[in-house]
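Visitor: When you line the sequence shown up against our numbering, it's residues 256 to 455, in that order. Cβ coordinates follow ideal geometry from the N, Cα and C atoms, glycine included. Structure in structure tokens, see below.
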Amino acid sequence: MNRWLTVIPLIVLAALTILFIGWSLKRDPEFKPDALVGQVVPETVLPILQDGAAGPQNVDIRTAGVGRPMIVNVFASWCAPCRIEHPRLLALKAEGVAVVGLAYKDEPEATQAFLDELGDPFAMVLIDREGRAGLDLGVSGVPESFAVDAMGRIVAKSSGPLLTDEDVDRLTSALVAPSRPLPTARTTQELVVQRNAALQ
Numbered sequence: 256m257n258r259w260l261t262v263i264p265l266i267v268l269a270a271l272t273i274l275f276i277g278w279s280l281k282r283d284p285e286f287k288p289d290a291l292v293g294q295v296v297p298e299t300v301l302p303i304l305q306d307g308a309a310g311p312q313n314v315d316i317r318t319a320g321v322g323r324p325m326i327v328n329v330f331a332s333w334c335a336p337c338r339i340e341h342p343r344l345l346a347l348k349a350e351g352v353a354v355v356g357l358a359y360k361d362e363p364e365a366t367q368a369f370l371d372e373l374g375d376p377f378a379m380v381l382i383d384r385e386g387r388a389g390l391d392l393g394v395s396g397v398p399e400s401f402a403v404d405a406m407g408r409i410v411a412k413s414s415g416p417l418l419t420d421e422d423v424d425r426l427t428s429a430l431v432a433p434s435r436p437l438p439t440a441r442t443t444q445e446l447v448v449q450r451n452a453a454l455q
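Written as structure tokens, this is what we have:
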């Protein structure tokens with residue numbers, strides 16, 4: 256009887272994980288409006304995780320990518336789906352994609368233990384113990400991921416775990432900005448003519 260009491264919580268956790276994965280696979284990622292896509296990342300200053308504690312340095316999420324495109328991944332050690340998507344984040348790191356972790360409503364020691372166990376895919380981890388940054392980003396649950404361009408603008412968002420190559424590709428392809436031609440004398444002259452015509 257005692258043996259069953261120790262196994263039942265594991266069975267319930269496994270069933271909930273399977274249900275969540277099933278829901279994630281059936282969800283339409285375009286259905287939920289992503290209010291912050293197209294806007295600049297909110298300025299939220301958070302401490303950096305250092306050796307299982309909140310380090311003395313604070314960093315603004317917007318500048319965490321150091322002028323490079325990045326994926327901001329909101330995760331937590333207590334989040335079962337975060338464990339499922341973790342190999343995809345490690346693969347992104349191996350491909351040279353900068354991934355910044357946002358440890359949401361988690362204790363630094365627990366976050367460090369999570370990364371020590373599964374591997375650390377993050378260029379840096381910011382500690383959001385009270386969930387302030389999650390609130391600023393409109394996070395509805397973990398995990399969530401945001402593609403942020405070099406100017407600090409959110410260009411794509413994924414709610415739920417990154418389960419497939421398509422989930423990852425949607426974020427990484429949004430980081431590649433289309434090249435824009437430099438203005439020429441002709442295009443500048445055309446703009447002036449259009450502006451003058453509009454003013455008349």
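Using beta-carbon positions only, say whether G407 and R323 come within less than 8 Å of one another.
Guide: For G407 and R323, no; Cβs fall outside 8 Å.
Visitor: Within the continuous beta strand (DSSP E) that includes L291, where are the two ends?
Guide: Here L291 belongs to no beta strand (DSSP E), and DSSP marks it neither H nor E.
Visitor: By the three-class DSSP mapping on this structure, what secondary structure does G374 have?
Guide: Three-state result, G374: coil.
Visitor: Closer than 6 Å by C-beta to Q312: which residues in its own chain qualify, once you throw out the five before and the five after it? Chain order, please.
Guide: Contacts found: I303.
Visitor: Buried or exposed: which applies to E421, given that a residue is buried once 16 or more other Cβ atoms fall within 10 Å of its Cβ?
Guide: Exposed, since its Cβ has fewer than 16 Cβ neighbours within 10 Å.
Visitor: Check whether the Cβ of R387 sits closer than 7 Å to any heavy atom of the ligand GTP, and report yes or no.
Guide: Looking for the ligand GTP in the displayed structure turns up nothing, as the structure carries no ligands at all.
Visitor: Reducing DSSP to helix, strand and coil, say where S428 ends up.
Guide: Helix at S428.
Visitor: Can you tell me which of T299, L347 and D306 puts its alpha carbon nearest to the alpha carbon of L204?
Guide: Residue 204 lies beyond the stretch modelled for the chain, which goes from 256 to 455, so this question has no answer here.
Visitor: Please state whether DSSP places K412 in a helix, a strand or coil.
Guide: DSSP places K412 in strand when its eight states are reduced to three.
Visitor: Measure the C-alpha to C-alpha separation of S332 and A405 and round it to an integer number of angstroms.
Guide: Roughly 28 Å separates the two Cα atoms.
Visitor: Just list the residues that DSSP pairs P302 with in beta bridges.
Guide: Per DSSP, N313.
Visitor: Quick one: using the 10 Å Cβ neighbour count with 16 as the cut-off for buried, is R282 buried or exposed?
Guide: Any reading at R282 must be qualified, since the residue scores a pLDDT of 43, below 50, and its modelled position is unreliable; the value itself is stated next. So R282 counts as exposed.
Visitor: Does the distance from the CB of E391 to the CB of L301 come in under 8 Å?
Guide: The amino acid occupying residue 391 in the given sequence is Asp; Glu does not appear at that position. Cβ distance not < 8 Å, so D391 and L301 don't count as in contact.
Visitor: Does chain C have any CB closer than 8 Å to the CB of W333?
Guide: The question asks about chain C, but that chain is absent: this structure has only one protein chain.
Visitor: Kindly identify the DSSP beta-bridge partner or partners of G320.
Guide: G320 is not bridged to any residue.
Visitor: Work out the CA separation of T261 and E399 for me, nearest whole Å.
Guide: About 31 Å.
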